[in-house]
Amino acid sequence: MRVCKFGVELNSLGEEDMTAVFHWRNQKEIVRFMVHQDPITWEEHRAWFEGLNVFSQYLMIQWQGRKIGVFNIKNIDWKKRSGEAGIFIGDPDFRNTYVPMLAILGMMDVCFNTLGFHFLEARVRKDNPEILRMNQDLGYRIDGEDPLSYFLKVGVMAYHEQRKVFQSFLEKFNQDEEVLELSDEESAFFLPVK
6 MRVCKFGVEL NSLGEEDMTA VFHWRNQKEI VRFMVHQDPI TWEEHRAWFE
56 GLNVFSQYLM IQWQGRKIGV FNIKNIDWKK RSGEAGIFIG DPDFRNTYVP
106 MLAILGMMDV CFNTLGFHFL EARVRKDNPE ILRMNQDLGY RIDGEDPLSY
156 FLKVGVMAYH EQRKVFQSFL EKFNQDEEVL ELSDEESAFF LPVK
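First residue of the sequence shown: 6, per this note's numbering; consecutive thereafter.
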């Protein structure tokens, strides 16, 4: 999968991305907000990578040619047209910038407007109030919880309503037509049923 929107490019992870993602995923700044906080071994990482399929899309985020992090949609349910979204920014130069928000808004637009998703879910650790607030700003609402995390959900209508808040921000960035490229296998799953 390849997506370009708001000047951000997202591409399905490839072999060439494995080392960077492995190192990013094991950084203390990343691990502390993950549900699974144990360090990941190279063997575990390789097994995870080899198990990726159309039900779990992991995309390398690129800004001006620089690889900066990973956006994912996993646990995709094609009957319900839903999935669980997540992001982490491995490059510390981009963690507190507007670029991750551009990637998130771009992918949410693609999920809801192009791929026909009905809702997205997210899981946020309770000790990460900034990310909880950011998700709520995107229209997500708490749908459940466990001792460690909140389970969030946003529907297409709630997202479209909340997205209006970001419109003037988004107008500052590349407004070229959205690019979405899918493999034949992805096309069979991702394109909305008419």
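For every residue, glycine included, the Cβ atom is placed at its ideal position computed from N, Cα and C.
Kindly indicate which three-state DSSP category residue i falls into: helix, strand or coil?
i	result
SER188	coil
LYS199	Here the model assigns LYS199 a pLDDT of 46, short of 50, so the residue's position is not dependable, and the following value carries that caveat. Looking at LYS199 - three-state DSSP - the assignment turns out to be coil, as it is neither helix nor strand.
PHE122	coil
GLU135	helix
GLU14	strand
GLU89	strand
LYS72	strand
ALA25	helix
ASP96	coil
LYS169	helix
PHE117	helix
GLU20	helix
PHE178	coil
With DSSP as the reference, please indicate the residues paired to residue i in a beta bridge.
i	result
TYR63	ASN77
LEU157	ALA127, ILE147
ASN101	For ASN101, which the question treats as bridged, DSSP gives no partner whatsoever.
VAL8	LEU15, LEU185
ASP82	SER87
How close, in whole Å, do the beta carbons of residue i and residue j come, if the pair is a contact with beta carbons under 8 Å?
i	j	result
THR119	GLU14	THR119 to GLU14, Cβ: 16 Å. No contact.
Within 9 Å (strictly less), CB to CB, does residue i reach chain C?
i	result
ASN80	This model lacks chain C altogether, as it is built from one protein chain only.
**Asked** Of all the alpha helix (DSSP H) runs that stay within the bounds of the region 29-64, which reach a length of 4 or more residues?
**Response** 33-36, 47-55
**Request:** Check whether the region 8-22 touches the region 106-123, taking contact to mean three or more Cβ pairs, one atom from each stretch, closer than 8 Å.
**Result:** yes
**Asked** Is the number of C-beta pairs between the region 18-28 and the region 123-133 that are closer than 8 Å three or more?
**Response** no
**Message:** I'd like to know if the region 33-53 and the region 78-85 are in contact, where contact means that at least 3 CB-CB pairs between them fall below 8 Å.
**Reply:** no
**Request:** Decide yes or no for the touch test of the region 171-180 against the region 149-156: beta carbon pairs closer than 8 Å, at least 3 of them.
**Result:** no
**Prompt:** Is the region 95-111 close to the region 66-79, with three or more CB pairs under 8 Å?
**Reply:** yes
**Message:** Does the region 130-145 come into contact with the region 49-58, if we say contact requires no fewer than three beta-carbon pairs (one atom in each stretch) closer than 8 Å?
**Reply:** no
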